[in-house]
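Participant:
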Amino acid sequence: MKAAVLTVSDGVVAGTREDGSGDLLATLLESDGFEVERRTVPDEAGEITTAIVELAESAAVVLTTGGTGMAPRDVTPEATRSAIDREAPGIAEAIRADSLTKTPHALLS
618 MKAAVLTVSD GVVAGTREDG SGDLLATLLE SDGFEVERRT VPDEAGEITT AIVELAESAA
678 VVLTTGGTGM APRDVTPEAT RSAIDREAPG IAEAIRADSL TKTPHALLS
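Numbers in our numbering are just positions in the sequence shown, counted from 1, shifted up by 617.
In structure tokens, the structure reads:
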């Protein structure tokens, strides 16, 4: 089964930051038997939406990482909404609940 990891980060695109979260997601998916496709885009809503749509054509699941904070350029949630037909809010809630055990800032994402 194929999965995709989409990293949204101006810094990763520019080569000034490592893609630690994308690397971790890909490793976890591969350890569960997924064939993983990776892509990185800047914090631009149009590029995020296009990448999600393209990746979803061949992947059973598309996971995004990055661009979910409170900064003006953090537009991943909004871009994702324009690319999907139906939300599954329970998934995001479960991720945030788990993240709260690691950082109090999880609710801001």
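Ideal Cβ positions, reconstructed from N, Cα and C, are used throughout, including at glycine.
Computed from a predicted model, the values in this text were never measured in an experiment.
(1) In whole angstroms, give me the CA-to-CA distance for glutamate 647 and valine 653.
(2) Can you tell me the Cα-Cα spacing of arginine 698 and proline 721, whole angstroms?
(3) When you compare the CB positions of threonine 644 and aspartate 636, do they come within less than 7 Å of one another, or not?
(4) Helix, strand or coil: how does DSSP classify arginine 690 here?
(5) Do the CB positions of isoleucine 669 and valine 658 come within less than 7 Å of each other?
(6) What are the boundary residues of the beta strand (DSSP E) that glutamate 674 is part of?
(7) On the three-state DSSP scale, how would you describe threonine 697?
(8) Any Cβ of chain C within less than 7 Å of the Cβ of lysine 619?
(9) Opposite valine 630 in the DSSP bridges: which residues?
(10) For alanine 621, does the count of other Cβ atoms within 10 angstroms reach 16, so buried, or fall short, so exposed?
Facilitator: Reading off the structure:
(1) 7 Å
(2) 25 Å
(3) no
(4) coil
(5) no
(6) Note, glutamate 674: premise wrong, no beta strand (DSSP E); not H, not E.
(7) helix
(8) Judged by its chain identifiers, the structure shown contains no chain C, having just a single protein chain.
(9) In the DSSP output, where bridge partners are listed per residue, valine 630 has none listed.
(10) buried
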